[in-house]
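Chemist: I'd like to ask some things about the structure below.
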Amino acid sequence: MHSPQTLEDRRDFLARCTRCSQCKFIAMPKSQRHASACPSIDYGQFHAYSGGGQLIMAYGLLDGNVPHSAEMAGAVASCTMCGNCDVSCKINFAETVEPLDSLYALRAKLVSDGHSPAPHREMMEALHRSGNSRGHPRTERAHWADGLAFDGTGKAETLLHIGSGLAYEPAGWPALRAVVATLHRVGIAMTHLGTEEGSSGGLAFDLGYVDEARTLAQELIEQAQQTGAGTLVTFSAAALSAFRSIHPRFGLSFGSIRVLHITEYLWELVQQGRLSLAPLPDLQGRPVAYHDSCKLGRLSEPRGTQDSGLDNQMSGILVSRTPSALRFGNGGCYEAPRALLRAMGVELVELERHHASSYCCGACGGVKETVPEAAALAARNRLAEVQDSTASILVSACTGCTSHLAEHAGSAVQMQDLLGLLAQALRPAPALAG
Amino acid sequence: MSKRIEIPVPVRGELERIVGARHISTDPAMLSAHAWNTGVGKVPGAEKFSGIWPVAVVLPGSTEEVAAVVKCCLRHKLHYKAHSTGYGSMSNACSPETVVIDLRRMNGLEIDARNRMAIIGPYAIAGALQAEALKHGLTCHIVGAGPAHSPLASATSLLGVGVTSQGTSMNARNLLSWEWVTPQGDIVRGGTAGSGCGWFAGEGPGPGVRGMIRGFCGAAGGLGVFTRIGYKLYPVPVTGPLEPTGRLPQLGLRIPDNAGFLHAVWPDWDSHRAATFELLDENLCFAMLRMPPDHIGWTVTGSNADYVDQVKRGTLPEVAQPSNDKNWTLMTLSRSPAEHAWRMGVVNEIVQRTGGRILELADEHAEVLFRNLFTSQFVPRVLRPSGGITTSFGVLDSFHFLPRAMEAGQECLAGGSLPGGKLVEGGREEHWSWPHEGRYLWTENIINFDPASKPARIAAARALFDHFAISWKDPVGLMALGLGPVMELQGESIGAPQRYIRQVKNRLDPGNASRSNEYVLPVVPKLVATALPMLKPVILSRPVLELMSRVVGTKGM
Ligand SMILES: Cc1cc2nc3c(=O)[nH]c(=O)nc-3n(C[C@H](O)[C@H](O)[C@H](O)COP(=O)(O)OP(=O)(O)OC[C@H]3O[C@@H](n4cnc5c(N)ncnc54)[C@H](O)[C@@H]3O)c2cc1C
Ligand code: SF4
Ligand code: SF4
Chain A
9 MHSPQTLEDR RDFLARCTRC SQCKFIAMPK SQRHASACPS IDYGQFHAYS GGGQLIMAYG
69 LLDGNVPHSA EMAGAVASCT MCGNCDVSCK INFAETVEPL DSLYALRAKL VSDGHSPAPH
129 REMMEALHRS GNSRGHPRTE RAHWADGLAF DGTGKAETLL HIGSGLAYEP AGWPALRAVV
189 ATLHRVGIAM THLGTEEGSS GGLAFDLGYV DEARTLAQEL IEQAQQTGAG TLVTFSAAAL
249 SAFRSIHPRF GLSFGSIRVL HITEYLWELV QQGRLSLAPL PDLQGRPVAY HDSCKLGRLS
309 EPRGTQDSGL DNQMSGILVS RTPSALRFGN GGCYEAPRAL LRAMGVELVE LERHHASSYC
369 CGACGGVKET VPEAAALAAR NRLAEVQDST ASILVSACTG CTSHLAEHAG SAVQMQDLLG
429 LLAQALRPAP ALAG
Chain B
532 MSKRIEIPVP VRGELERIVG ARHISTDPAM LSAHAWNTGV GKVPGAEKFS GIWPVAVVLP
592 GSTEEVAAVV KCCLRHKLHY KAHSTGYGSM SNACSPETVV IDLRRMNGLE IDARNRMAII
652 GPYAIAGALQ AEALKHGLTC HIVGAGPAHS PLASATSLLG VGVTSQGTSM NARNLLSWEW
712 VTPQGDIVRG GTAGSGCGWF AGEGPGPGVR GMIRGFCGAA GGLGVFTRIG YKLYPVPVTG
772 PLEPTGRLPQ LGLRIPDNAG FLHAVWPDWD SHRAATFELL DENLCFAMLR MPPDHIGWTV
832 TGSNADYVDQ VKRGTLPEVA QPSNDKNWTL MTLSRSPAEH AWRMGVVNEI VQRTGGRILE
892 LADEHAEVLF RNLFTSQFVP RVLRPSGGIT TSFGVLDSFH FLPRAMEAGQ ECLAGGSLPG
952 GKLVEGGREE HWSWPHEGRY LWTENIINFD PASKPARIAA ARALFDHFAI SWKDPVGLMA
1012 LGLGPVMELQ GESIGAPQRY IRQVKNRLDP GNASRSNEYV LPVVPKLVAT ALPMLKPVIL
1072 SRPVLELMSR VVGTKGM
């Protein structure tokens, strides 16, 4: 059975942190204001809040120099597990430090030592009880599908995975329904898991609950396989990230089921000529910035079968045993959302921090629930970046990012969910219409 | 296990009132980052944590808060240590009574383009400063520690040489005015800032004591806390962000219009030196860097696995081939096509005439090397192979000494970096060399070793000690690494700066509260001072060097 590495397994990686601080910054800053890579250090300021700082603290935990404490838990809980430190570190250090794997292991260590922060425990209890971390009743999970023109619960070629963020977000349902209805009109046979749709295990893994994450992942995979679907399309950026980069840590996969994010799926259909996109009049002539969500972007880069061990060659050069599995952040889902926006006639501008170096909005990793001030600061930082660009509209393809950023956007930046725009613009291709 | 003391509750309360409760910690979790042996610069021991942990770390937000923290420490007989970004462990506490003053919140950055300077705080990092300066067609000097270090820390307190020194000088000369919390906690402005004239000059009409507080090596935290400086910027014919190329981790920069980027090699060091004098005489290059070919190989490959694989398959580009070791990477920056053509023409002519040749460089490699040089990302990158790096043969002198420095570099590595040796495999010597402002040569012999291996650590320490032994026995120009106790061991062979610096230290900080291991020793007992020169031959004898290397390889520096 595959198991993610424990903190003990990561000891040598921790020891190799050079404390260079590169992980606090993006590789090529364009300004001082937006040079930061790490929302956690921006909030906490002590080095221990950074990726490298957590590695040092973790090493201290292992060698007995650093006992558990509220301050340690606070620093760990302020980290959004966004993985930007990993990208920055690897530009110099490639396979030798890989901070993110150690951050996961540190959280798992806090859980196994009984020091998981209370809000994390509460989220996990809710997840057990009702299949989502916010404790919404399971019976309400499929309300979004009320009134759909097809029976979405049988066997079908395409399985829609909604994710709890959108499933319990009534404001997002009209767009969700509209997109699903368009897919139905072009003849896609779809099914979904209704009220029984399980969690991907991604959140549990982020919070350090490794066994629970494995169980949840296994359950969801079984559910999906029972539908007989050939393609799973998820509307959730967080779930995509779990499917592509967390499940492989357990040796789990959906087998022959192809897994796509809704943006990838729709872009594929557009390219196949089955769907088309109409220009959106509201956005014409207005530059639009796209927010690469961490989960959809760098954290969705597929993880291959990786032996994390390093061989020592040429008297001290530490060499990955599975170099083809090294991930530097290039393989995230970056292009499909951009391609869809361009196809809607949108004039896209890139923020200073984009693609693999995108700055986290602050909502993930349990930060919003545990250290809301840190989450709010991250959102404000991200929105300031939009204000310093030529855009005043910010689009995200992640429900979590959209709603969190919208809470802090005020009037200066208009937040838009990509799904909402797609719902307006998607059409069956002319030949298929009707 | 480490030596730690608890800060008395009332003292903590006082500090809390100065910086705010959120900005002080005495928790080992927060202190851990200030007791970490990075394995960089110094040879570490088997333990990752230093034996000395600070009592507290504070995060002041202003110069006034820094001054109040210093005064509080003096009142309670505590020591303090300034910390900017903290790369290389030199800002770690040097006594268990130390309060670390982490300057992370003081990151002011203002560009004064008309005066070609920036006014920066301790946590304005070099990468961000360069990005802001480029908006005005200016750039800054960035030392080898790279884009994430603090130019203020370097300019006020530690050495300051860097790979673009030909065009951007060294930091003792880039420091303009300064704002300083003295060891007694007084706020003093020096240079023109001292008389309210702005930040443009380090000497007069305000008090001009730059040589005293800075000198060549800097006080490394041993002389109070610098909180703001004027920092020289250099015009470049590029405005706005440079255009990135490549894919992670092999990020490059598109080589700007009218910029030249070449890699030239010579058959021997004498012809290399002859070419160097000519290139410098004509003032052709913005940057000239000699890197050992293996380090170039580490830079043009995306991972260690990629590098080792390419070594085995023999596919590394020519620039990374061991035989091309007598090299210069040359960067020229011109303002017009005509100037560019002139520079490139003269460079080519000098290279040909001195028996050198210019190597083919694929765009992909040229762009990666250009980025690493222009943004000074090279040194952090060459930590990748093993994570352990120290330096050995540092020479600051005339280029006349270059061939001998190379030879001496080989002597102190003693084959340790050849196959079968205990150091990371590479060349016979691993010198990084560059000129400063067309004048003098800086060269240092970098040692890469596996910090997790005791024999490798011992070999690294031995190479470092051999460096001292060689340069004391038969000086190869001026030895440039005279930090802390090394100054005492060096003795008075090149003047006696330590005598003068000791007076500065003791007058300004009689209680040695601003405590640093990398600054002059405040007291050297007479007996030791007399005995040291006599003991030198003993210290430099093979068995003693061997013993010292073992101790350092086990316990760390
Ligand atoms: C990989 C690597 C490569 C390096 N290459 C070079 C190189 O090419 N050239 C070179 O000159 N140096 C080099 N260095 C050393 C480098 O100069 C320092 O690391 C650099 O100045 C550090 O900046 P920092 O922000 O990390 O300083 P810190 O580590 O925070 O401080 C460095 C020293 O300055 C003191 N200090 C820091 N801030 C202040 C302040 N505000 N007031 C008073 N004292 C202060 C500290 O106490 C400490 O002694 C290198 C270091 C590393 C790790
Ligand atoms: S995690 Fe990587 S980038 Fe961060 S301080 Fe450590 S070595 Fe540097
Ligand atoms: S994962 Fe994100 S928030 Fe956490 S330390 Fe890394 S960059 Fe910072």
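So the sequences go chain by chain: A and B.
In terms of this note's numbering, the first sequence opens at residue 9 and continues consecutively.
In terms of this note's numbering, the second sequence opens at residue 532 and continues consecutively.
Ideal Cβ placement from N, Cα and C applies to all residues, glycine included.
Keep in mind the model is a prediction, meaning the values are calculated, not measured.
1. With 7 Å as the threshold, decide whether the Cβ of residue 327 of chain A is near any Cβ in chain B.
2. Excluding the 5 residues preceding and the 5 following residue 431 of chain A in the sequence, name in chain order all residues of the same chain whose CB lies nearer than 6 Å to its CB.
3. State the DSSP-derived secondary structure class of residue 154 of chain A, mapped to helix, strand or coil.
4. In angstroms, rounded to a whole number, what distance separates the CA positions of residue 769 of chain B and residue 659 of chain B?
5. Of all Cβ atoms in chain A, is any one closer than 7 Å to the Cβ of residue 956 of chain B?
6. Mind reading off the beta-carbon distance from residue 254 of chain A to residue 297 of chain A? Whole number of angstroms is fine, and I expect it under 8 Å.
7. Report the residue ranges of all beta strand (DSSP E) runs contained in full by the stretch 165 to 207 of chain A; include only those spanning at least 3 residues, in chain order.
8. Taking 7 Å as the CB-CB cut-off, is residue 70 of chain A touching chain B?
9. Kindly list, in the order they appear in chain B, the residues whose Cβ is closer than 7 Å to that of residue 103 of chain A.
10. Considering Cα atoms alone, identify which of A:10, A:88, A:29 and A:53 is closest to residue 302 of chain A.
11. Say whether chain A places a C-beta atom closer than 7 Å to the C-beta of residue 1090 of chain B.
12. Give a yes or no on whether the C-beta atoms belonging to residue 956 of chain B and residue 132 of chain A are separated by under 7 Å.
13. Determine, using beta-carbon pairs with one atom in the stretch 755 to 775 of chain B and one in the stretch 596 to 612 of chain B, whether at least three such pairs fall under 8 Å.
14. Starting from the Cα of residue 146 of chain A, find the closest Cα among A:204, A:423 and A:115 and give me that residue.
15. Can you list the beta strand (DSSP E) stretches of 3 or more residues lying completely in the stretch 902 to 981 of chain B, in chain order?
16. Starting from residue 822 of chain B, find everything on chain A with Cβ-Cβ shorter than 7 Å and list it in chain order.
17. Should residue 366 of chain A and residue 340 of chain A be called a contact, given that it needs their Cβ atoms to be closer than 7 Å?
18. Is there a C-beta anywhere in chain B that falls below 7 Å from the one on residue 61 of chain A?
19. Quick one: what does DSSP say residue 423 of chain A is sitting in, helix, strand or coil?
20. Can you tell me whether residue 1034 of chain B is buried or exposed, with buried defined as 16 or more other CB within 10 angstroms of its CB?
21. Spatial neighbours of residue 1078 of chain B within its chain, please: CB distance less than 6 Å, with the 5 preceding and 5 following residues excluded, ordered by chain position.
22. So, for residue 814 of chain B: in the same chain, excluding its five sequence neighbours on each side, which residues have a beta-carbon less than 7 Å away from its beta-carbon?
23. Distance cutoff 7 Å, beta carbons only. Does residue 338 of chain A sit that close to anything in chain B?
24. Using the beta-carbon of each residue, which ones in chain E are nearer than 8 Å to residue 979 of chain B?
25. What does residue 64 of chain A reach in chain B if we use C-beta pairs closer than 7 Å?
26. Check whether the Cβ atoms of residue 522 of chain B and residue 804 of chain B sit closer than 7 Å, and answer yes or no.
27. Anyone know if the C-beta pair for residue 1050 of chain B and residue 686 of chain B falls short of 7 Å?
28. Beta carbon of residue 575 of chain B: closer than 6 Å to some heavy atom of ligand 3?
29. Using only alpha-carbon positions, find the residue among B:801, B:824 and B:1016 that is nearest to residue 1029 of chain B.
30. Taking 7 Å as the CB-CB limit, is residue 15 of chain A close to chain B?
31. Would residue 249 of chain A pass as a contact of residue 171 of chain A if the rule is Cβ separation under 7 Å?
32. Do you know whose CA, among A:14, A:66 and A:300, lies nearest residue 410 of chain A's CA?
33. Counting only Cβ pairs nearer than 8 Å, list the residues of chain A close to residue 616 of chain B.
34. Measuring only from the beta carbon, is residue 967 of chain B closer than 6 Å to any heavy atom that is part of ligand 1?
35. Grouping DSSP H, G and I as helix and E and B as strand, with all else coil, what is residue 799 of chain B?
36. Fully enclosed by the stretch 996 to 1024 of chain B, which alpha helix (DSSP H) runs are 4 residues long or longer?
Modeler: Based on what the coordinates show:
1. yes
2. 183, 186 and 187
3. coil
4. 16 Å
5. yes
6. Between residue 297 of chain A and residue 254 of chain A the Cβ distance is about 28 Å, and since that is not below 8 Å, they are no contact.
7. 166 to 169 and 198 to 200
8. no
9. 834, 835 and 836
10. A:88
11. Since the first residue of chain B shown is 532 and the last is 1088, residue 1090 of chain B is not available in this structure.
12. no
13. yes
14. A:204
15. 919 to 922, 926 to 928, 962 to 967 and 971 to 980
16. Within 7 Å Cβ-Cβ: nothing; residue 822 of chain B doesn't reach chain A, min ~16 Å.
17. no
18. yes
19. strand
20. exposed
21. none
22. 969
23. yes
24. In the structure shown, chain E does not exist; the protein chains are A and B.
25. 563, 564 and 567
26. Nothing can be reported for residue 522 of chain B: it is not among the residues displayed for chain B, which extend from 532 to 1088.
27. no
28. no
29. B:1016
30. no
31. no
32. A:300
33. 29
34. no
35. coil
36. 1016 to 1021
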